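Encoded as structure tokens, the structure appears first; notes follow it.
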Amino acid sequence: MDKLSIYVVSLEKDVHRREQLAKQFTQFYPTMNIIDAVDGRKLSDDIIRNLTKGYVQKYHKQMSPGELGCTMSHIKALEQFLESDSDVALILEDDILGTDENIQKLIDLNVSSVDDNSMVMCWNQKGSARAKYIVGKKLSNEIPLMYIPKSLCENFVSTCCYTVTKKSAEAIIKSHKNLLCVADQWNIILAGADTKVYFIDLFQHPETPTDSNLAHERKTVGEAKKRNIIASIVKELKRVYRRGLVFFYQFIGYKSIANK
103 MDKLSIYVVS LEKDVHRREQ LAKQFTQFYP TMNIIDAVDG RKLSDDIIRN
153 LTKGYVQKYH KQMSPGELGC TMSHIKALEQ FLESDSDVAL ILEDDILGTD
203 ENIQKLIDLN VSSVDDNSMV MCWNQKGSAR AKYIVGKKLS NEIPLMYIPK
253 SLCENFVSTC CYTVTKKSAE AIIKSHKNLL CVADQWNIIL AGADTKVYFI
303 DLFQHPETPT DSNLAHERKT VGEAKKRNII ASIVKELKRV YRRGLVFFYQ
353 FIGYKSIANK
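Under the working numbering, think of the first position of the sequence shown as 103, with each following residue one higher.
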């Protein structure tokens, strides 16, 4: 049976969120490891520039302070897990919605015995505009996990709730050391790794995360992009590509995660 550790990424100021987590997870909250998140907005311009220059040079776009802080925070959680004697880590952000029963189901899955180089995206995709671009293949009737092709992982646009094994945590950290990038650009992070990605519908991310620091920042950037004609064209081309990729996987037997 897996030994599972839980890590909660939370800004020091967001005390009310941790209080809410304690109410949701009455059994497991006392054992959760709180990771003091990095507030990217408090980093100096020089630090941001130095840490993100490789990303800017390769992808020709800026990583926002909030995105940088998020990435650094998740790396902190993964590094702490690697120093532990646990087999699997559950990484949560502090606005996640769930219950003790959800965590127990993950423990019962015994993820590392299914695949010792894996990660599991374990939050409901309801409300996500990208959910329609995610299809997978169920492992078996006994194991309620769906295998997700890495080419579709860019559609998991969050880091709110996932599990990693020691091998997959090492792969993620290695990727960021080679090129620090946005924490939920999973297709980039996992591109050169042997890590397999799975999905299970357990937890829920707020559908309208008005209290989310990063969501607010991204919404502002997104509204600016809508006014950019070139950005709009690129966005439409990406949408066409995603539809084609999903059609291909459905043709060879993959199913929508909504119809698991």
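C-beta atoms are modelled at their ideal positions from N, C-alpha and C, and glycine is treated no differently.
Small disclaimer: the values here were computed from a predicted structure and weren't measured.
Item: When you compare the segment 173-189 with the segment 273-281, are there three or more beta-carbon pairs, one atom per stretch, that lie closer than 8 Å?; Value: yes
Item: Measuring alpha carbon to alpha carbon, tell me which of Cys-172, Gln-182 and Leu-113 ends up nearest Val-266.; Value: Gln-182
Item: Does the Cβ-Cβ distance between Asp-138 and Glu-114 come in under 8 Å?; Value: yes
Item: Considering only C-alpha positions, which residue in the set Gly-156, Ala-285 and Leu-192 is nearest to Asn-204?; Value: Leu-192
Item: Quick check: the segment 242-262 against the segment 139-148, are at least 3 beta-carbon pairs closer than 8 Å?; Value: no
Item: Cβ of Lys-105 within 7 Å of any heavy atom in the ligand HEM?; Value: Questions concerning the ligand HEM fall outside what the structure shown contains, since it holds no ligand whatsoever.
Item: Might you give, ordered along the chain, the residues of its own chain that have their beta carbon closer than 6 Å to the beta carbon of Asn-257, omitting 5 neighbours on each side?; Value: Arg-232, Tyr-235 and Ile-236
Item: Less than 8 Å between the CB atoms is what I'm expecting for Tyr-264 and Val-216, so what's the real figure, rounded?; Value: The Cβ separation is near 15 Å, so there is no contact.
Item: In or out: Thr-128 buried (at least 16 other Cβ within 10 Å) or exposed?; Value: exposed
Item: If you run the structure through DSSP and keep just helix, strand and coil, what is Ser-107?; Value: strand
Item: Measure the beta-carbon distance from Tyr-300 to Ser-220 and round it to whole angstroms, keeping in mind my assumption that it falls under 8 Å.; Value: 6 Å
Item: In whole angstroms, give me the CA-to-CA distance for Gly-171 and Gly-346.; Value: 34 Å
Item: To the nearest angstrom, report how far apart Trp-288 and Ser-230 are at their CA atoms.; Value: 16 Å
Item: What separation, rounded to the nearest whole angstrom, lies between the Cα atoms of Ser-107 and Lys-228?; Value: 26 Å
Item: Going by C-alpha distance, which of Gln-126, Leu-123, Phe-353 and Lys-160 is nearest Ile-290?; Value: Lys-160
Item: Whole-angstrom Cβ separation of Gly-238 and Leu-304, contact assumed at under 8 Å?; Value: That pair is no contact at about 15 Å.
Item: Which two residues bound the contiguous beta strand (DSSP E) that contains Gly-238?; Value: 237-240
Item: With DSSP run on the structure shown, which of helix, strand or coil describes Phe-127?; Value: coil
Item: Pull up the distance between the alpha-carbon of Val-109 and that of Lys-125, whole angstroms please.; Value: In the sequence under discussion, the amino acid at residue 109 is Tyr, which differs from the Val named in the question. Those two C-alpha atoms are separated by around 17 Å.
Item: Quick test of your reading: Val-260 and Asp-286, contact by CB under 8 Å. State the CB separation rounded to the nearest angstrom.; Value: Note on residue identity: the sequence assigns Ser, not Val, to residue 260. Right, their Cβ atoms sit about 6 Å apart.
Item: I need the straight-line Cα distance from Cys-224 to Lys-163, nearest angstrom please.; Value: 29 Å
Item: Going by CA-CA distance only, name the one from Lys-298, Leu-282 and Asp-104 that's closest to Gln-206.; Value: Asp-104
Item: Going straight from the alpha carbon of Asp-148 to that of Ile-209, what length do you get?; Value: 42 Å
Item: Going by CA-CA distance only, name the one from Ile-302, Ile-150 and Lys-252 that's closest to Tyr-351.; Value: Lys-252
Item: Under the rule that 16 or more other beta-carbon atoms within 10 Å means buried, what is Leu-254, buried or exposed?; Value: buried
Item: May I ask you to report which of helix, strand or coil DSSP gives Cys-263?; Value: strand
Item: Within the continuous beta strand (DSSP E) that includes Met-221, where are the two ends?; Value: 220-226
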